[in-house]
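Novice: Per UniProt numbering, the sequence shown starts with residue 1, numbered consecutively.
Backbone N, C-alpha and C define an ideal beta-carbon position, used for all residues, glycine too.
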Amino acid sequence: MPDAFHDSAARFPPPKCHLGTRKEYIKEITNWALGESEHKEPVLWMRGPFGVGKTAVAQSSAEALKPINKLLATLFFSRSNADRDDPRRVFPSLVYQISTLCKQFAIIVDTRIREDLALTTKSLATQFEELLVIPLSQIDVVATGLEGRVVIIDGLDECRGIAEQCEIIRIITTSARNGTTPFRWFITSRPEDPIIRAMKTGSTSSVVYGIELPLSRSNDHEILLFLVDEFAKIREIHDLPESWPSDEVLALLVERGAGLWIYVATIVRFINAENTLGPEDQLQIVLRFIGDVSNKFESNNPLREMDFFYTLILQRLPSNILEVIRRILYLHSRGYSVLITLFDLGISEEQFRRYCVFIRSVMDVRGSSRDPKSPDFLHLNFYHASFIDYLTDHKRSGGMCIHGEFLIRWRKELLGWLHYVSSHTSDSSCFVFPAGTILPREIERGEHYRRVVGVFWELCAQPDHQFDGSTAASISNFSFRKMLSLIPEGKFLWITYGTAQQFWQNLPVEYREKVIRKESCPVPECTATELVWILGYGDNEVIPVTDDDDLLLQNNQNVPAGQCLCGAKRSI
Numbered sequence: 001m002p003d004a005f006h007d008s009a010a011r012f013p014p015p016k017c018h019l020g021t022r023k024e025y026i027k028e029i030t031n032w033a034l035g036e037s038e039h040k041e042p043v044l045w046m047r048g049p050f051g052v053g054k055t056a057v058a059q060s061s062a063e064a065l066k067p068i069n070k071l072l073a074t075l076f077f078s079r080s081n082a083d084r085d086d087p088r089r090v091f092p093s094l095v096y097q098i099s100t101l102c103k104q105f106a107i108i109v110d111t112r113i114r115e116d117l118a119l120t121t122k123s124l125a126t127q128f129e130e131l132l133v134i135p136l137s138q139i140d141v142v143a144t145g146l147e148g149r150v151v152i153i154d155g156l157d158e159c160r161g162i163a164e165q166c167e168i169i170r171i172i173t174t175s176a177r178n179g180t181t182p183f184r185w186f187i188t189s190r191p192e193d194p195i196i197r198a199m200k201t202g203s204t205s206s207v208v209y210g211i212e213l214p215l216s217r218s219n220d221h222e223i224l225l226f227l228v229d230e231f232a233k234i235r236e237i238h239d240l241p242e243s244w245p246s247d248e249v250l251a252l253l254v255e256r257g258a259g260l261w262i263y264v265a266t267i268v269r270f271i272n273a274e275n276t277l278g279p280e281d282q283l284q285i286v287l288r289f290i291g292d293v294s295n296k297f298e299s300n301n302p303l304r305e306m307d308f309f310y311t312l313i314l315q316r317l318p319s320n321i322l323e324v325i326r327r328i329l330y331l332h333s334r335g336y337s338v339l340i341t342l343f344d345l346g347i348s349e350e351q352f353r354r355y356c357v358f359i360r361s362v363m364d365v366r367g368s369s370r371d372p373k374s375p376d377f378l379h380l381n382f383y384h385a386s387f388i389d390y391l392t393d394h395k396r397s398g399g400m401c402i403h404g405e406f407l408i409r410w411r412k413e414l415l416g417w418l419h420y421v422s423s424h425t426s427d428s429s430c431f432v433f434p435a436g437t438i439l440p441r442e443i444e445r446g447e448h449y450r451r452v453v454g455v456f457w458e459l460c461a462q463p464d465h466q467f468d469g470s471t472a473a474s475i476s477n478f479s480f481r482k483m484l485s486l487i488p489e490g491k492f493l494w495i496t497y498g499t500a501q502q503f504w505q506n507l508p509v510e511y512r513e514k515v516i517r518k519e520s521c522p523v524p525e526c527t528a529t530e531l532v533w534i535l536g537y538g539d540n541e542v543i544p545v546t547d548d549d550d551l552l553l554q555n556n557q558n559v560p561a562g563q564c565l566c567g568a569k570r571s572i
């Protein structure tokens with residue numbers, strides 16, 4: 001995961017402590033790393049709630065340890081960025097970084113991987129043993145300078161999978177206890193219950209030194225220092241008077257920040273955003289927003305304050321821009337790459353970038369689409385995971401949520417679009433799209449159609465998003481036979497059993513058998529013994545390929561009358 005390294009271009013500029021802030025924490029971590037602390041435990045766990053600056057402390061610690069040759073390897077997890085949350089790549093990523101520092105270690109690891117190319121795909125425990133423990137046992141770790149160096153793993157709670165998070169803790173703490181790796185491990189996370197339990201079990205707690213990074217008003221003076229310096233930079237760029245902003249405004253921002261670093265950092269980015277009337281106007285928007293929130297709520301809960309600020313950022317977007325941005329963010333939250341998103345929405349890379357500029361306060365676009373194999377391939381970079389958390393939780397984001405009414409409305413729109421294409425297009429050689437569909441040159445019409453079908457299935461299979469009667473009736477009248485005939489030759493969509501089953505469950509009971517069902521193949525000549533999926537009914541009925549309970553939606557135009565695709569899976 002090269003994008004997760006402390007010095008990666010994907011994270012530049014990385015979040016780090018503002019000059020003169022969090023000095024006591026950085027000093028405590030550095031002393032621990034140097035063995036000059038009273039705490040001799042080989043694992044240091046820093047925990048703290050949302051937005052208090054754990055990543056900034058970890059980054060600043062990495063930058064303090066590297067010049068004195070105490071930094072070994074780093075990983076900064078981010079569940080908002082698909083290339084930075086994969087538990088299967090944790091230990092290979094650390095091994096790679098160690099290999100760049102020690103040639104002897106690198107040669108041994110290289111040989112082991114050449115002998116077993118599947119090593120990096122095996123269980124976490126096997127990876128750790130085969131790629132770290134055994135190679136380290138074959139070199140002089142003291143002579144190579146590896147002993148006592150620090151491995152930093154930031155944001156463990158943002159690693160994909162609770163079980164995997166706990167397994168990583170178990171593997172590292174077991175190794176630290178048994179002395180099979182000569183390193184010091186610095187781990188940060190939110191105080192999530194599974195992580196707390198894993199860190200405090202009897203066998204683990206003896207090797208773990210814990211530091212709490214609390215949400216505290218004692219940070220106010222450091223937040224003020226940060227704001228003063230950031231506003232000075234904005235004044236210089238925009239040639240604003242020294243009196244801007246006033247001391248009263250600075251005091252108010254510190255007060256409303258309530259010790260939450262992510263809140264004040266987001267406000268600064270908002271004030272300094274492009275495509276606005278300028279920082280003075282943006283600051284007035286922030287002040288009006290703060291007044292509105294203060295009038296509505298007495299709560300000092302900073303999470304609520306943060307959520308309202310996210311809402312403010314989105315509410316200021318033109319409705320047509322907001323709609324596309326929410327679709328982009330929904331697809332991102334479901335793991336879709338940027339390149340797939342372009343095909344799904346029928347927009348160019350340039351258009352995509354233009355849309356994303358409107359929310360640069362919370363994220364930006366990195367890389368380009370020229371080389372999909374490049375580590376600098378086009379991707380979204382979110383400043384904090386709290387933004388996606390906010391968007392997917394209706395209680396927090398309300399009308400801005402990317403689930404609920406938004407998803408249902410989009411689903412209806414796609415159904416209407418598919419009805420139109422199906423009724424106006426004779427075959428896949430000449431698609432007829434609704435008048436408002438304008439595709440960039442690089443997106444083929446057939447591929448866009450296939451991707452729209454895929455997104456429609458995705459939206460139909462979202463739990464807790466049942467169909468109303470009229471939409472279910474419209475789906476039951478849809479020509480699934482025509483839908484498959486328009487998928488370009490040689491292309492298909494893989495629909496998992498779980499997706500098909502959830503689609504079925506979201507339908508009212510009276511429409512389920514008319515839309516999607518599983519039963520014996522009704523074609524008399526078919527010899528298949530397994531149950532198959534059937535879409536639609538009557539003239540609209542079609543039998544797609546069923547493979548291990550999954551569906552393969554592919555072109556059925558050349559299937560002779562009276563035959564089916566049940567056996568086609570053998571040729572896929």
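Name the DSSP beta bridge partners of His379, please?
Specialist: Arg366
Novice: Between Gly469 and chain D, is there a C-beta pair that is closer than 9 Å?
Specialist: Of the protein chains in this structure there is only one, and it is not chain D.
Novice: Tell me whether Leu277 is buried or exposed, calling it buried when 16 or more other Cβ atoms sit within 10 Å of its Cβ.
Specialist: With fewer than 16 other beta carbons inside 10 angstroms of its own, Leu277 counts as exposed.
Novice: Is Tyr310 helix, strand or coil when you go by DSSP?
Specialist: In the three-state DSSP reduction, Tyr310 falls in the helix class (H, G or I).
Novice: Give me the Cα-Cα distance between Leu317 and Tyr209, rounded to the nearest whole angstrom.
Specialist: 46 Å
Novice: Starting from Gly212, follow the beta strand (DSSP E) in both directions and report where the run begins and ends.
Specialist: The residue asked about is misnamed: residue 212 is Glu in this sequence, not Gly. Boundaries of the beta strand (DSSP E) harbouring Glu212: Val208 to Glu212, taken from the DSSP string.
Novice: Among Ser422, Lys27, Asp427 and Val207, which has the Cα closest to the Cα of Pro434?
Specialist: Ser422
Novice: Let's see if you can read the secondary structure: which residues bound the alpha helix (DSSP H) around Phe76?
Specialist: No alpha helix (DSSP H) contains Phe76, which is instead part of the beta strand (DSSP E) from Leu71 to Phe76.
Novice: Could you check the C-alpha separation between Val365 and Met306 for me, to the nearest Å?
Specialist: 22 Å
Novice: Within a Cβ cutoff of 6 Å, which residues of the same chain sit near Pro152, ignoring the five residues on either side of it in sequence?
Specialist: Correcting the residue type first, residue 152 is Ile in the shown sequence and not Pro. Excluding residues within five positions, the ones whose Cβ falls inside 6 Å are Ala58, Ala62, Thr74 and Phe186.
Novice: Beta carbon of Val95, beta carbon of Leu156: below 9 Å?
Specialist: no
Novice: Compare the beta carbon distance of Gly454 and Asp344 with 9 Å and say whether it is the shorter of the two.
Specialist: In this structure, Gly454 places its C-beta atom within 9 Å of the C-beta atom of Asp344.
Novice: Who does Lys395 pair with in a DSSP beta bridge?
Specialist: Lys395 is not bridged to any residue.
Novice: Pick from Phe406, Pro2 and Gly51: whose alpha carbon is nearest that of Ala258?
Specialist: Gly51
Novice: Using alpha carbons as the reference points, say which of Arg451, Ile347, Thr126 and Leu459 lies closest to Met483.
Specialist: Arg451
Novice: Scan the segment 79-166 and note each continuous alpha helix (DSSP H) run of 4 residues or more that stays entirely inside, going in chain order.
Specialist: 90-101, 103-115, 124-128 and 134-137
Novice: Indicate the three-state DSSP secondary structure (helix, strand or coil) for Leu19 in the structure shown.
Specialist: Here Leu19 sits in coil by DSSP.
Novice: Taking Thr120 as the reference, which of Ser137, Val141, Asp140 and Arg89 has the closest Cα?
Specialist: Arg89
Novice: Helix, strand or coil: how does DSSP classify Asp344 here?
Specialist: helix
Novice: Answer yes or no: do Phe231 and Val268 have a C-beta to C-beta separation smaller than 9 Å?
Specialist: yes
Novice: Could you check if Phe5 is buried or exposed, using at least 16 other CB atoms within 10 Å of its CB as the buried criterion?
Specialist: buried
Novice: Rank Thr527, Asn540 and His465 by C-alpha distance to the C-alpha of Asn506 and give the top, closest one.
Specialist: His465
Novice: Using C-beta distances below 6 Å, list every residue in its chain close to Glu298, excluding the 5 sequence neighbours before and after it, in chain order.
Specialist: Bear in mind that the predicted position of Glu298 carries a pLDDT of just 46, short of 50, making it unreliable; the figure below should be weighed with that in mind. Hits under 6 Å: none found.
Novice: Using 8 Å as the threshold, is the segment 401-408 in touch with the segment 328-340, meaning 3 or more CB pairs across them?
Specialist: yes
Novice: With the cut-off set at 9 Å, would you say Phe382 and Asn81 are in Cβ contact?
Specialist: Cβ distance < 9 Å, so Phe382 and Asn81 count as in contact.
Novice: With a threshold of 8 Å on Cβ separation, who are the neighbours of Phe456 within its own chain once the five nearest residues in sequence on each side are excluded?
Specialist: Arg411, Leu414, Leu415 and Leu418
Novice: With DSSP collapsed to three states, give me the class of Lys518.
Specialist: strand
Novice: Does DSSP classify Gln554 as helix, strand or coil?
Specialist: strand
Novice: State yes or no: is the C-beta of Asp154 within less than 9 Å of the C-beta of Phe226?
Specialist: no
Novice: Kindly give me the distance between the Cβ atoms of Ser428 and Ile495, rounded to whole angstroms, as I take these residues to be in contact under 8 Å.
Specialist: With a beta-carbon spacing of about 19 Å, Ser428 and Ile495 fall beyond the 8 Å limit used to define contacts.
Novice: Just reading off the alpha helix (DSSP H) that Asp547 is part of, what are its end residues?
Specialist: Run containing Asp547: none in the alpha helix (DSSP H); it sits in the beta strand (DSSP E), Val545 to Asp547.
Novice: By Cβ distance, which residues of its chain are closer than 6 Å to Ile290, with the 5 residues on each side in sequence left out?
Specialist: Arg256
Novice: Along the beta strand (DSSP E) that carries Leu535, what are the first and last residues, could you check?
Specialist: Val532 to Leu535
Novice: For the alpha helix (DSSP H) that contains Trp261, what are its first and last residues?
Specialist: Trp261 to Ile271
Novice: Suppose only complete runs of 4+ residues qualify. What are the alpha helix (DSSP H) ranges in the segment 469-495, listed by chain order?
Specialist: 469-476 and 480-485
Novice: Leaving aside the five residues before and after Glu274 along the sequence, list all residues of the same chain whose C-beta is less than 8 Å from its C-beta, in chain order.
Specialist: The beta carbon of Glu274 is closer than 8 Å to those of Val357 and Arg360 in its chain, skipping five residues each way along the sequence.
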